[in-house]
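Numbering (our numbering), first residue to last: 122 to 325.
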């Protein structure tokens, strides 16, 4: 089974992924794939054509400079996504092409990039907006205005919750989050076992 971990920016997806990895599960990091893709020659060429060579530093894409440009307008963000998303999707599919019983995909823009068809189940990690802003200001050195822009560039967390199979409330303690993850893991593992038993019985 392929399960996505998603949620709005600074909601704690990495904390969830790290916990799953510590329990022996494999987690594909879509963010890392996205970073790597930026420096593929074909992608880099298109980015320079549309956003100028100012985004380059030592012949590599400077993500900070690129971010300034793409988050300054919806048109620029749409252009970036149209260049990178097809390549990112291809790489994710390659990583998901496995016979593993259960594999996770950590992906921030699951719904925004329309990648939801790549997985069987969706877990949404949720925190309140105040916590998101606090984390972005502290972790990324964003101004409050920059933090609000980044949050606004994604589908609201409340909408993602409606589309989720499971929701993790990350407004509490780390221990509370881990307990929620364990509960979801038990449900997912039970579902996999139920599906396999039906298959063995010839009901599927």
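Positions of the beta carbon are idealized from the N, C-alpha and C atoms, including for glycine.
Could you give the residue range of the alpha helix (DSSP H) that holds residue i?
i, result
"residue 127", "Careful: residue 127 lies outside any alpha helix (DSSP H), inside the beta strand (DSSP E) at 123-127."
"residue 162", "162-172"
"residue 190", "184-191"
Where does residue i sit, in a helix, a strand or coil, going by DSSP?
i, result
"residue 276", "coil"
"residue 178", "strand"
"residue 144", "coil"
"residue 236", "coil"
"residue 227", "strand"
"residue 149", "strand"
"residue 218", "coil"
"residue 159", "coil"
"residue 139", "helix"
Can the beta-carbon of residue i be found less than 8 Å from the beta-carbon of residue j?
i, j, result
"residue 225", "residue 276", "no"
"residue 237", "residue 124", "no"
"residue 152", "residue 229", "yes"
"residue 184", "residue 206", "no"
"residue 264", "residue 198", "no"
"residue 208", "residue 201", "no"
"residue 291", "residue 298", "yes"
"residue 313", "residue 122", "yes"
"residue 272", "residue 308", "no"
"residue 142", "residue 148", "yes"
Kindly list the residues whose CB is nearer than 8 Å to the CB of residue i, restricted to its own chain and excluding five residues on each side of it in sequence; keep chain order.
i, result
"residue 245", "127, 128, 278, 281, 282, 284, 285, 287, 288 and 289"
"residue 204", "164, 167, 168 and 171"
"residue 221", "147"
"residue 178", "186"
Where does the unbroken beta strand (DSSP E) through residue i begin, and where does it stop?
i, result
"residue 258", "From DSSP, residue 258 is part of no beta strand (DSSP E) but of the alpha helix (DSSP H) over 250-261."
"residue 244", "242-247"
"residue 286", "Where residue 286 is concerned, there is no enclosing beta strand (DSSP E), given that its DSSP letter is neither H nor E."
Tell me which same chain residues have a C-beta within less than 7 Å of the C-beta of residue i, skipping the five on either side of it?
i, result
"residue 182", "159, 160, 165, 168 and 176"
"residue 146", "223 and 225"
Excluding the 5 residues preceding and the 5 following residue i in the sequence, name in chain order all residues of the same chain whose CB lies nearer than 6 Å to its CB.
i, result
"residue 316", "none"
"residue 234", "206"
Closer than 7 Å to a non-hydrogen atom of the ligand ATP - does that hold for the CB of residue i?
i, result
"residue 135", "No copy of the ligand ATP occurs in the structure displayed, which carries no ligand at all."
Given 8 Å, three or more beta-carbon pairs between the stretch 253-267 and the stretch 128-138: Result yes; three or more Cβ-Cβ pairs closer than 8 Å.
Three or more C-beta pairs below 8 Å linking the stretch 257-273 and the stretch 234-248: No, the stretch 257-273 is not in contact with the stretch 234-248.
Meets three-Cβ-pair contact criterion under 8 Å: the stretch 209-219 and the stretch 135-143: no
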